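Shown next, in structure tokens, is the structure this report addresses.
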Amino acid sequence: MKLFIDTANVEEIREIGMWGVLAGVTTNPSLIAKEGRDFETVIKEITEIVDGPISAEVMGETAEQMVKEGKELSKLHKNIVIKIPMNAEGLKAVKALKQKGIKTNVTLIFSANQALLAARAGASFVSPFVGRMDDIGNIGMDLIRDIANIFELHGIETEIISASIRHTAHVMESALAGAHIATIPYKVFNQMLNHPLTDKGIERFKADWNNR
Ligand code: E4P
Numbered sequence: 001m002k003l004f005i006d007t008a009n010v011e012e013i014r015e016i017g018m019w020g021v022l023a024g025v026t027t028n029p030s031l032i033a034k035e036g037r038d039f040e041t042v043i044k045e046i047t048e049i050v051d052g053p054i055s056a057e058v059m060g061e062t063a064e065q066m067v068k069e070g071k072e073l074s075k076l077h078k079n080i081v082i083k084i085p086m087n088a089e090g091l092k093a094v095k096a097l098k099q100k101g102i103k104t105n106v107t108l109i110f111s112a113n114q115a116l117l118a119a120r121a122g123a124s125f126v127s128p129f130v131g132r133m134d135d136i137g138n139i140g141m142d143l144i145r146d147i148a149n150i151f152e153l154h155g156i157e158t159e160i161i162s163a164s165i166r167h168t169a170h171v172m173e174s175a176l177a178g179a180h181i182a183t184i185p186y187k188v189f190n191q192m193l194n195h196p197l198t199d200k201g202i203e204r205f206k207a208d209w210n211n212r
């Protein structure tokens with residue numbers, strides 16, 4: 001399973017990028033708004049840090065508007081993936097963008113049927129939201145497992161991005177459930193890194209070395 005970061009904060013991307021683990025980036029309108037900066041400037045800066053798929057979301061409501069925005073965004077860099085919301089207009093836009101050779105990531109996926117539709121429309125990626133499923137009392141990870149099984153059974157090449165990751169168990173469980181990618185918030189990357197026994201071990205090695 002590849003690791004993406006789910007943020008629009010370039011400092012966070014730079015830091016995790018230096019760990020050598022980052023294969024891509026996802027953003028969304030809420031994450032961009034949180035930074036209070038110009039959308040295209042942020043996306044361009046991200047392309048300079050990470051060499052991998054970078055999802056930028058369209059805000060149009062009709063397929064025509066989404067395609068227009070998608071075409072503009074895709075001109076920013078070859079790695080830009082157009083993030084499209086899961087609905088009928090979104091599917092039409094996915095089909096049209098695919099015909100133009102532009103990759104898409106269909107977002108806000110909450111059922112295996114939605115993932116199947118997005119994949120058949122030609123999406124390069126689908127983003128099922130694990131945490132938001134958990135929030136409403138469902139088991140988000142079951143969704144990842146179902147989509148992974150369906151894609152495997154039917155030879156579908158669309159990649160599954162496990163999204164809305166809230167804690168470290170989500171990352172490990174996504175890998176076990178068959179997600180191709182997990183898009184992880186900065187805070188969770190740091191939680192993955194740390195373990196109290198590692199810190200304790202480093203301290204003990206240091207103490208023993210100094211007492212030799
Ligand atoms: C995915 O691409 C989304 O940006 C993200 O994972 C949403 O996560 P949230 O439910 O924590 O907002």
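100 is the number that our numbering gives to position 100 of the sequence shown; each next residue is one higher, with no gaps. Heads up, the beta-carbon is just placed ideally off N, CA and C, and yes, glycines get one too. Please read these numbers as outputs of a predicted model, since none were measured by experiment.
When only Cα atoms are considered, Asn-149 and Glu-203 end up about 44 Å apart. In the DSSP assignment, Gly-140 falls within the alpha helix (DSSP H) that extends over 140 to 153.
For Glu-159, the CB contacts under 8 Å within the same chain, skipping 5 residues up- and downstream, are Ser-124, Phe-125, Val-126, His-180, Ile-181 in chain order. Note that the C-beta distance between Met-66 and Ala-93 is below 7 Å.
Under the rule that a run must span 4 or more residues, the alpha helix (DSSP H) segments found entirely inside the segment 51 to 79 read 63 to 74.
Shown here, Thr-198 sits in a helix according to DSSP, grouped into three states. Setting aside the 5 residues that flank it on each side, Pro-29 is surrounded in the same chain by Glu-57, Met-59, each with a C-beta closer than 8 Å to its C-beta; the list follows chain order. Less than 7 Å separates the beta-carbon of Gly-122 from that of Lys-98.
Just measuring C-alpha positions, the residue of Val-81, Thr-41, Val-171 sitting nearest Phe-189 is Val-171. DSSP places Thr-47 in the uninterrupted alpha helix (DSSP H) bounded by 39 to 49. Contact annotation: the segment 36 to 46 does not touch the segment 15 to 22, with fewer than three C-beta pairs closer than 8 Å. Per DSSP, Pro-185 lies in no alpha helix (DSSP H) segment and is marked neither H nor E. CA-CA distance, Lys-68 to Glu-45, rounds to 22 Å. Look at Ser-174: its beta carbon is at least 6 Å from all of the heavy atoms in the ligand E4P. Set against 6 Å, the gap from the CB of Asp-134 to the closest heavy atom of the ligand E4P is not smaller. Sequence-distant partners of Gly-131 (beyond 5 residues in either direction) whose C-beta falls short of 6 Å from its own C-beta, in its chain, are Ser-164, Arg-166. Here Gly-90 has Ile-84 as same chain residues with Cβ atoms under 6 Å from its own Cβ, once five neighbours each way along the sequence are excluded.
In the DSSP assignment, Ser-127 falls within the beta strand (DSSP E) that extends over 125 to 128. Between the ligand E4P and the CB of Ser-124, the shortest heavy atom gap is not smaller than 6 Å.
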